[in-house]
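Each residue of the sequence shown is one higher than the one before, starting from 1 at the first, in full-length UniProt numbering. Ideal Cβ positions, reconstructed from N, Cα and C, are used throughout, including at glycine. These numbers come from a predicted model, not from an experiment. Taking it in order: structure first as structure tokens, then the write-up.
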Amino acid sequence: MARKRDTSERIERVSTLITGIGELVTNDPAPDRDGGPLGIIRDASVLIRDGRIAWVGRSAHAPLASPSSSSSSSSSSSSSSIEPAPFAGARAPAPAETADSTFDLGGAAMIPGFVDSHSHLVFGGDRADEFAARMAGRRYEAGGIRSTVAATRAASDDELRMRLSGFMRELHAQGTTTVEIKSGYGLSIVDEERLVRLAREVTDEVTFLGAHVVPAEFADDRDAYVDLVVGDMLTACAPHSRWIDVFCETGAFTLDETRRILNAGHDAGLLPRLHASQLGPGAGVQLAVELGAASVDHCTYLTDADIAALAGSNTVATLLPGVEFSTRQPYPDARRLIDAGVTVALASDCNPGSSFTSSLPFCIAVAVRDMGMTPAEAVWAATAGGAAALRRTDVGRVAPGVRADLVQLRAPSYTHLAYRPGVPLVERVWKDGAVSA
Ligand code: NIG
Ligand code: FE
Numbered sequence: 001m002a003r004k005r006d007t008s009e010r011i012e013r014v015s016t017l018i019t020g021i022g023e024l025v026t027n028d029p030a031p032d033r034d035g036g037p038l039g040i041i042r043d044a045s046v047l048i049r050d051g052r053i054a055w056v057g058r059s060a061h062a063p064l065a066s067p068s069s070s071s072s073s074s075s076s077s078s079s080s081s082i083e084p085a086p087f088a089g090a091r092a093p094a095p096a097e098t099a100d101s102t103f104d105l106g107g108a109a110m111i112p113g114f115v116d117s118h119s120h121l122v123f124g125g126d127r128a129d130e131f132a133a134r135m136a137g138r139r140y141e142a143g144g145i146r147s148t149v150a151a152t153r154a155a156s157d158d159e160l161r162m163r164l165s166g167f168m169r170e171l172h173a174q175g176t177t178t179v180e181i182k183s184g185y186g187l188s189i190v191d192e193e194r195l196v197r198l199a200r201e202v203t204d205e206v207t208f209l210g211a212h213v214v215p216a217e218f219a220d221d222r223d224a225y226v227d228l229v230v231g232d233m234l235t236a237c238a239p240h241s242r243w244i245d246v247f248c249e250t251g252a253f254t255l256d257e258t259r260r261i262l263n264a265g266h267d268a269g270l271l272p273r274l275h276a277s278q279l280g281p282g283a284g285v286q287l288a289v290e291l292g293a294a295s296v297d298h299c300t301y302l303t304d305a306d307i308a309a310l311a312g313s314n315t316v317a318t319l320l321p322g323v324e325f326s327t328r329q330p331y332p333d334a335r336r337l338i339d340a341g342v343t344v345a346l347a348s349d350c351n352p353g354s355s356f357t358s359s360l361p362f363c364i365a366v367a368v369r370d371m372g373m374t375p376a377e378a379v380w381a382a383t384a385g386g387a388a389a390l391r392r393t394d395v396g397r398v399a400p401g402v403r404a405d406l407v408q409l410r411a412p413s414y415t416h417l418a419y420r421p422g423v424p425l426v427e428r429v430w431k432d433g434a435v436s437a
């Protein structure tokens, strides 16, 4: 059954004023804003029109002269119409705007919606037993992927679709408004095509990961599997995908195989991204830089040469704290990367094996506690960093013209995301201007 997937269909064709924002993270630095790259505005308001940010600034300067008479107004606190107080003395340009609905955040913090640039959300089954065994001392191995491949192949489209929509609700409730989704648990032409097609129903950021591991049926002829990936599988998956990815690691794909697959993807119109240096050092990071990949993900074991290569490139290093948390491996050293000038993103890598969390607040808390990031760096990395890893300029910040993807926190500051780990601090989420609690 064909599903609608274009996010523009959900765009609110109305205007919304959000006011009473005690601390607004814009990721749009300016001389009169705090927080360096976070571009913080205090006592802020945001005006949304037709799903995009129409105006952002200090409430005292908001371009609204009088309350709307619309009955669709709503508020997080008391009023059902725009409170005049924040606009007393407003330097309102003519013509003055009115909003169809208003939200007064009462001093709460607001941040851009999280941009989760790495997930594997289309799969069957789970691997809770494998996780429990790891917590009892077993090592994480890439081969566990094959058990999810079996469960995924056995699941119907509708079973996978229902699971996926549950994950999408879960992400949204935790403040994620843009998500990249990889295939990689099908590993046959028909199953990989199914996974990218289902992913495409819910996001524009779809990644073909036929090169996740060599499936069991090709164990004795891995070259034949790589031929399949760059041949008929790529042909079937490219129309549904924007990106191509390879798990470049011992136990998965070699450097030469990775290069061949990414080049074939490029020829099919897909952009490269890469899993590398998750389980040990390797040449994948430098290959990502050489090929101009948007992002190289994991980056747990980096050499000085890897860091120098990344620092001189526009390839983002995407760190995935949920993986090290769930595999008991050492955390990547974000401080070393940031100090070298590398752009760092944080993502969930939500998958049933190495990281079954969909929570970017959780990733932020771990990155601050164990990876040397400041709360500001971690929040930037989970919003603007994720956008950079997806080469997107329309998400990950709050500025005129950008998509109105916003998160109201149940806290006075973004710092609480790290300071209060495990506490559900996401109060409300706006996606393309549409709000849900
Ligand atoms: O990003 N590293 C490769 N792929 C996933 C793990 C997938 C799995 O274990 O099922 C990852 O960690
Ligand atoms: Fe991954």
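Comparing alpha carbon positions, the residue from I307, F103 and H61 closest to I338 is I307. Inclusion of P412 and A109 in the CB contact set at 8 Å is warranted, their separation being smaller than that value.
Within its own chain, the residues whose Cβ lies closer than 6 Å to the Cβ of D126, once the five positions on either side in sequence are excluded, are P352, listed in chain order. I40: not part of any alpha helix (DSSP H); DSSP gives it neither H nor E. Judged by DSSP secondary structure, C237 falls outside any beta strand (DSSP E) and instead within the alpha helix (DSSP H) spanning L234 to C237. For G322, the enclosing alpha helix (DSSP H) starts and ends at P321 to T327. A distance criterion of 7 Å places the beta-carbon of N351 in contact range of ligand 2, judged by its closest non-hydrogen atom. For L291, the CB contacts under 7 Å within the same chain, skipping 5 residues up- and downstream, are L262 and P272 in chain order. Under the DSSP assignment, Q286 falls in the alpha helix (DSSP H) whose first and last residues are G284 to E290.
Nearest Cα to L346 within the set R336, Q329, G231 and G322: G322. Assignment of A381 by DSSP, reduced to helix, strand and coil, places it in the helix class. Boundaries of the beta strand (DSSP E) around L409: L406 to L409. One thing to note: F114 has its Cβ within 8 Å of the Cβ of G386. Here the C-alpha atom of V190 lies approximately 53 Å from the C-alpha atom of D43. The Cβ-Cβ distance between T178 and V395 falls below 8 Å. H275 has F247 and D297 as its beta-bridge partners, per DSSP. Distance from the Cα of A142 is smallest, within the candidate group A365, R397, V246 and E201, for V246.
Taking the C-beta atoms as reference points, A62 is found nearer than 8 Å to T19. In the displayed model, T203 falls within coil according to three-state DSSP, outside both helix and strand.
Just so you know, the alpha carbons of G312 and L234 end up roughly 31 Å apart. Residue nearest to A317 within the set F325, L287 and S326 is L287 (criterion: CA-CA distance). Beta-bridge annotation (DSSP): V344 is paired with A317. Below 8 Å, too few C-beta pairs join the region 137–157 and the region 370–380 to call them touching: fewer than three. The alpha helix (DSSP H) runs lying completely inside the region 136–193 and spanning 4 residues or more are 145–154 and 157–173, given in chain order.
I244 is positioned such that its CB atom lies closer than 8 Å to that of F208. Sorting V285, T327 and C299 by C-alpha distance to the C-alpha of A293 places V285 at the top.
Of the candidates H240, V56 and G124, the residue whose Cα lies closest to the Cα of A404 is V56. Between the alpha carbons of H275 and H298 lies a gap of roughly 6 Å.
At the C-beta level, G39 and D28 come within 8 Å of one another. C-alpha of P400 to C-alpha of Y414: approximately 21 Å in a straight line. If you draw a 10 Å sphere on the C-beta of V296, you find 16 or more other C-beta atoms in it, and that means buried.
In the three-state scheme derived from DSSP, where H, G and I count as helix and E and B as strand, T19 is classed as strand. P112: member of the beta strand (DSSP E) spanning A109 to P112, first to last residue. Around S59, the same chain offers T19, D43, S45 and P86 as residues with beta carbons nearer than 6 Å, after the five sequence neighbours per side are excluded. Apart from sequence neighbours up to five positions away, the residues of its chain that approach V366 with a beta-carbon distance below 7 Å are P321 and F325, ordered along the chain.
Rounded to the nearest whole angstrom, the CA to CA distance from A99 to G175 is 24 Å.
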